[in-house]
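Colleague:
In my numbering, the protein residues as written are 10 to 337.
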């Protein structure tokens with residue numbers, strides 16, 4: 010069977026439809042930027058201390074900002090400036106960044122997810138969401154971003170690890186592309202990802218157990234009780250602390266991921282962003298047969314109230330996500 014490149018896949022999907030062509034061009038530019046970011050990440054300690062914190066600076070969400078966070082955003086701005094993107098909303102910037110006034114889409118990104126792991130050689134990545142843009146409907150750039158996740162035309166994430174991988178969906182299933190260094194192209198590796206409906210594996214930062222709500226505590230206690238407990242089976246826990254790495258594991262072999270809100274200051278609504286992280290991850294998860302909620306509500310149905318809004322996130326194997334909801 011001949012290999013299918015990302016460009017060929019996108020061209021076949023887009024056809025002559027103007028909006029689809031805009032989306033295809035945007036995904037190509039995101040992939041292009043991803044390759045450049047992956048090359049910088051791969052230099053590790055040889056790079057110019059990309060893992061250092063920029064003084065006392067924090068991003069728009071209040072998190073410590075690493076040098077490579079800013080550089081990754083700059084790469085994305087440069088790449089998307091060559092696509093029909095009206096503006097870019099980034100976790101690293103307070104307000105949307107204007108690009109092409111005639112653009113057909115808007116893009117929301119977490120330029121470098123998992124940047125706290127830069128120094129530890131753990132997989133990190135870029136998460137993106139693509140939404141339709143109409144100047145008449147959305148004269149205020151922010152308004153175009155405050156659409157529910159169901160409005161996304163495409164979404165996905167890149168993983169910078171042993172392989173540079175693109176997980177994406179155009180609304181008809183979820184695909185996995187792998188960057189081939191010999192040809193300098195992304196090649197289709199999995200055309201229809203299917204997350205197993207059931208699982209015996211969960212991921213959560215269990216060091217925060219004392220801060221969790223009772224429902225979260227009960228769920229984890231029942232998992233830890235194993236086959237002798239109410240769940241009747243033994244569970245494994247896996248936690249990388251890099252959303253894209255934990256997500257790719259789930260897309261590869263199933264599982265469930267939990268980042269709940271808790272009682273710590275600033276954590277009542279979790280720490281992940283609805284627009285930049287939860288919505289795109291939920292989109293590709295549902296397209297792969299999985300589910301994504303904030304514990305009870307479907308993520309894609311939630312209407313954002315602000316660009317940098319935080320949200321709890323539970324996603325992965327559908328039956329396990331539904332089971333978690335029952336604890337609430």
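All residues carry an ideal CB built from backbone N, CA and C; glycine is no exception.
These figures come from a predicted structure and were not determined experimentally.
1) Count the other CB atoms within 10 Å of the CB of residue 54; is the residue buried (16 or more) or exposed (fewer)?
2) Which whole runs of the alpha helix (DSSP H) in the segment 236-302 are 4 residues long or more, in chain order?
3) Mind reading off the beta-carbon distance from residue 14 to residue 196? Whole number of angstroms is fine, and I expect it under 8 Å.
4) Using the three-state DSSP reduction, which class does residue 178 fall into: helix, strand or coil?
5) Cα separation between residue 208 and residue 33?
6) Quick check: the Cα distance between residue 179 and residue 162, rounded to an integer number of angstroms?
7) Which of the three DSSP states, helix, strand or coil, is assigned to residue 191?
8) For residue 146, which residues does DSSP report across the bridge?
9) Identify the residues that DSSP records as bridge partners of residue 123: which are they?
10) Look up residue 141 in the DSSP assignment and say whether it is helix, strand or coil.
11) For residue 276, which of 318, 265, 288 has the nearest alpha-carbon?
12) Buried or exposed for residue 145, going by 16 or more other Cβ atoms inside 10 Å?
13) On the DSSP bridge list, what partners appear for residue 306?
14) By the three-class DSSP mapping on this structure, what secondary structure does residue 90 have?
15) Could you pull the DSSP bridge partners for residue 99 from this structure?
16) Measuring only the C-alpha atoms, how far is residue 83 from residue 132?
17) With a CB to CB cut of under 6 Å and the five nearest residues on each side skipped, what residues in its chain are close to residue 245?
18) Going by C-alpha to C-alpha distance, which of 103, 106, 95, 50 sits closest to residue 81?
19) Smallest Cα separation from residue 194: which of 30, 24, 31, 42?
20) Return the bridge partner residues of residue 199 from the DSSP annotation.
21) Measuring from the CB of residue 179, is there a heavy atom of the ligand MN at a distance below 8 Å?
22) My guess is that residue 214 and residue 263 are in contact by the Cβ rule of under 8 Å, so how many angstroms apart are they, rounded?
23) Output the boundary residues of the beta strand (DSSP E) element that contains residue 169.
24) Assign residue 288 to one of two classes, buried (16 or more other C-beta atoms within 10 Å of its C-beta) or exposed (fewer than that).
25) Once you ignore the five residues that flank residue 233 on each side, which residues in its own chain have a CB closer than 8 Å to its CB?
26) Go through its chain and collect everything with a Cβ distance to residue 217's Cβ below 7 Å, but skip five positions before and after it.
27) Do residue 45 and residue 88 count as a contact pair if the criterion is CB distance below 9 Å?
28) Can you tell me whether residue 322 is helix, strand or coil according to DSSP?
29) Within the continuous alpha helix (DSSP H) that includes residue 422, where are the two ends?
Modeller: By the coordinates alone:
1) exposed
2) Counting whole runs of 4 or more residues, the segment 236-302 contains the alpha helix (DSSP H) stretches 252-262, 288-296.
3) 6 Å
4) strand
5) 34 Å
6) 6 Å
7) In this structure, residue 191 counts as coil in the three-state DSSP scheme.
8) Per DSSP, none; premise fails for residue 146.
9) For residue 123, which the question treats as bridged, DSSP gives no partner whatsoever.
10) Residue 141: strand per DSSP, three-state reduction.
11) 318
12) exposed
13) Beta-bridge pairing links residue 306 to no other residue.
14) coil
15) 118
16) If you draw a straight line from the Cα of residue 83 to the Cα of residue 132, it comes to about 20 Å.
17) Taken in chain order, the residues that qualify are 210.
18) 50
19) 42
20) Per DSSP, 185.
21) Looking for the ligand MN in the displayed structure turns up nothing, as the structure carries no ligands at all.
22) The Cβ separation is near 20 Å, so there is no contact.
23) 163-169
24) buried
25) 244
26) 271
27) yes
28) strand
29) Nothing can be reported for residue 422: it is not among the residues displayed for the chain, which extend from 10 to 337.
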